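Written out below as structure tokens is the structure these notes cover.
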Amino acid sequence: MSGKADPRAAGEGTTSRTRLDRGRGALGPALELVHTGRAPTRAVLTAELGVTRATAGAVAAELEALGLIRVDARPGAAAGSQGRPSHRLAVAEDGPVALAAQIHADGFRAALVGLGGRIVATAPGCEVVDEDPAKVLGSVVEAGAALLAETGRRCVGAGLAVPSAVAEPEGLALNPLHLAWPAGAPVRRIFAEQVRAAGIEGPAFAANDINLAALAEHRHGAGRGARDLLCVATGHRGVGGALVLDGRLHTGSSGLALEVGHLAVNPDGRPCHCGGRGCLDVETDPLAFLTAAGREQGPEAPPLQQSYDLIRDHYGDPAVRTATETLVDRLGLGLAGLVNILNPDRIILGGLHRALLEAAPERLRAVVAGRSLWGQSGGVPILACGLDHNSLVGAAELAWQPVLDDPLGVPA
Ligand SMILES: [Zn+2]
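Under the UniProt record's numbering, think of the first position of the sequence shown as 1, with each following residue one higher.
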């Protein structure tokens, strides 16, 4: 493909327009391939789309003209499959962004996220989360609007991650157990109102934080290439789960599937907010870890950070090691039950569960294999989540989705 004309020239002239008309339906799939890193060169894009080189060239040029990707035609920029140089494709580094927001038990964070799941800017806000959702959502949107003003980026829309199941189609936070919010708060509507009030264009979305973490990991992180991806993770408090099937989140009939936090792993365990006893939510979350290690929740750091610090810096302390092993055993029991029901081809763990895996990988894998029907004959790969702030990146994915579906609709 070396020596071809500048792809910017495609789109001019009748022949190129005809090619692009033919390739218009390929714009969305092409953008998704570049967005998820599966088409690093135009040669790979051509093969993945199953179109002619000319059509792939016109499609890439159109996406570049929209300011979404960059086509690098410098000779020797990259080698194609047979060592032939091919135009390199990448998301546009100065392109538009999505405003992502996350609320958790210990505060909130706003970020701007570009294509490719790249965090362009973030603004943490650590404070007590107000019991009125409109107040904290107003604060996080304000922080995001400040980032937009600082960077001067175009915004495609906004996405919000919350530590609660979000009932569809209304977008209600049904069980914000670790926030003081009223159950059933219409978070999507409130978030959308705050986004509009801040003068930010584009649609607004809201979903459960672990669902969004799983979506982000499937597209950009440790879940890439998995067909039946199970994600289990702690938030700052509590435990959530998500399942990505063939690239799509499985959310059940009304958005409430995969409440894995309320799987009982210790019948004589502590009472749970759900009315049950010994749930993963209260047996394997950061507070459970601190209790098992005989530590008080300190004022200097939230429990999740305090747990990370203990495992990283004090693993030689017998109390910390025993607490780790106790939680690993409980988590393994829960994962084994999920493996029997869901038969995933990969499990990824986030939050404190990631730290437990990294501290005692063999023990966790042995518990899961020993307790699951199929685990003994092969074993499901269990990996650590790979992205920083994956719930934020996932929240941005919600806002990017309309552009991925129809790149021509990106705001100018
Ligand atoms: Zn429970």
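All C-beta atoms in this analysis are idealised placements derived from N, C-alpha and C, irrespective of residue type, glycine included.
None of these values were measured; they are calculated from a predicted model.
field: Under the three-state DSSP convention, the category residue 174 falls into
entry: The answer is coil: DSSP assigns residue 174 none of H, G, I, E or B.
query: Under the criterion of a Cβ to heavy atom distance below 7 angstroms, does residue 276 qualify as lining ligand 1?
result: Yes, ligand 1 has a heavy atom inside 7 angstroms of this Cβ.
- request: Can you say whether residue 314 is buried or exposed, counting buried as having 16 or more other CB atoms within 10 angstroms of its CB?
  value: Result: exposed.
field: Residue range of the unbroken alpha helix (DSSP H) whose run includes residue 190
entry: Taken as a continuous stretch (DSSP letters only), the alpha helix (DSSP H) holding residue 190 covers 187-197.
field: residue 180 to residue 104 span [Cα, whole Å]
entry: Residue 180 and residue 104: Cα-Cα distance of roughly 11 angstroms.
- prompt: Between residue 354 and residue 384, what straight-line distance do the alpha-carbon atoms span, to the nearest angstrom?
  reply: Roughly 5 angstroms between the two C-alpha positions.
query: In its own chain, which residues sit with a C-beta less than 6 angstroms from the C-beta of residue 332, not counting the 5 before and 5 after it?
result: Once the five neighbours on either side are set aside, the close Cβ partners of residue 332 are 364, 367, 368.
field: Check: residue 261 C-beta below 7 angstroms from any heavy atom of ligand 1
entry: Because some heavy atom of ligand 1 lies under 7 angstroms away, the Cβ of residue 261 counts as near it: yes.
message: If we require 3 or more residues per run, which beta strand (DSSP E) segments fall completely within the stretch 78-160?
response: Runs of the beta strand (DSSP E) inside the stretch 78-160: 88-91, 97-104, 107-113, 119-125.
message: I need the DSSP call for residue 346, collapsed to helix, strand or coil.
response: The DSSP-derived three-state label of residue 346 is strand.
query: What is the rounded straight-line gap between the Cα of residue 329 and the Cα of residue 216?
result: Take the alpha-carbon of residue 329 and the one of residue 216: they are about 27 angstroms apart.
- request: From the DSSP output, in three-state form, read off residue 69 for me.
  value: Note: residue 69 maps to strand in three-state DSSP.
query: Cβ of residue 111 within 8 angstroms of Cβ of residue 158?
result: Cβ distance not < 8 angstroms, so residue 111 and residue 158 don't count as in contact.
task: Please list, in chain order, all residues of the same chain as residue 131 whose beta carbon is under 6 angstroms from its beta carbon, the five residues on each side excluded.
output: Around residue 131: 180.
Buried or exposed by the 16-neighbour rule on C-beta atoms within 10 Å, applied to residue 60: Buried, since its Cβ has 16 or more Cβ neighbours within 10 Å.
message: Quick check: the Cα distance between residue 191 and residue 29, rounded to an integer number of angstroms?
response: Residue 191 and residue 29 have their C-alpha atoms roughly 29 angstroms apart.
message: In whole angstroms, give me the CA-to-CA distance for residue 358 and residue 324.
response: When rounded, the separation of the alpha-carbon atoms in residue 358 and residue 324 is 11 angstroms.
task: Mind checking who residue 228 pairs with in its DSSP beta bridge?
output: 245, per the DSSP bridge assignment.
field: Rounded distance between the beta-carbons of residue 226 and residue 218, thought under 8 angstroms
entry: So it is a contact: roughly 7 angstroms between Cβ atoms.
field: Sequence-distant residues of the same chain with beta carbon closer than 7 angstroms to residue 254, five excluded per side
entry: Answer for residue 254: 167, 168, listed in chain order.
message: Going by the DSSP bridge assignment, what does residue 277 pair with across the sheet?
response: When DSSP reads this structure, residue 277 sits in a beta bridge with 271.
- prompt: For ligand 1, is there a heavy atom less than 7 angstroms away from the beta-carbon of residue 389?
  reply: Taking non-hydrogen atoms of ligand 1 into account, the C-beta of residue 389 is found less than 7 angstroms away from none of them.
field: Sequence ranges, beta strand (DSSP E) only - wholly within the stretch 307-388, length at least 3
entry: When DSSP assignments are scanned along the stretch 307-388, the uninterrupted stretches of beta strand (DSSP E) that are 3 or more residues long and fall wholly within it turn out to be 346-350, 382-384.
task: Tell me, please, which residues DSSP counts as bridged to residue 282.
output: Beta-bridge partners of residue 282 (DSSP): none assigned.
- prompt: Measuring from the CB of residue 273, is there a heavy atom of ligand 1 at a distance below 7 angstroms?
  reply: Answer for residue 273: yes, Cβ within range of ligand 1.
task: Just the C-alpha distance for residue 404 and residue 95, rounded to the nearest angstrom, thanks.
output: Cα atoms of residue 404 and residue 95: separation of roughly 14 angstroms, rounded to the nearest angstrom.
Alpha-carbon to alpha-carbon, residue 27 and residue 408: Residue 408 and residue 27: Cα-Cα distance of roughly 8 angstroms.
- prompt: Is the CB-CB distance between residue 250 and residue 281 below 8 angstroms?
  reply: In this structure, residue 250 sits away from residue 281, with a CB-CB distance that is not shorter than 8 angstroms.
task: Excluding the 5 residues preceding and the 5 following residue 308 in the sequence, name in chain order all residues of the same chain whose CB lies nearer than 8 angstroms to its CB.
output: 352, 355.
message: Measuring alpha carbon to alpha carbon, tell me which residue in 201, 177, 371 is nearest residue 156.
response: Checked all of 201, 177, 371; the closest Cα to residue 156 is 201.
query: If you draw a straight line from the C-alpha of residue 302 to the C-alpha of residue 54, how long is it?
result: One C-alpha to the other measures close to 55 angstroms.
task: Using 7 angstroms as the cut-off, classify the Cβ of residue 281 as near or not near the heavy atoms of ligand 1, replying yes or no.
output: It does: the Cβ of residue 281 is within 7 angstroms (strictly closer) of some heavy atom of ligand 1.
query: Can you tell me the Cα-Cα spacing of residue 298 and residue 284, whole angstroms?
result: Near 19 angstroms, if we compare the C-alpha coordinates of residue 284 and residue 298.
task: Sort out for me which residues DSSP pairs residue 205 with in a bridge.
output: Residue 205 has 159 as its beta-bridge partners, per DSSP.
message: Which same chain residues end up closer than 6 angstroms to residue 204 when comparing Cβ atoms and leaving out the 5 residues on each side of it in sequence?
response: Excluding positions up to five away in sequence, the list reads 158, 191, 192, 195.
- request: Put residue 240 into one of helix, strand or coil per three-state DSSP.
  value: The three-state reading of DSSP puts residue 240 in strand, counting E and B together.
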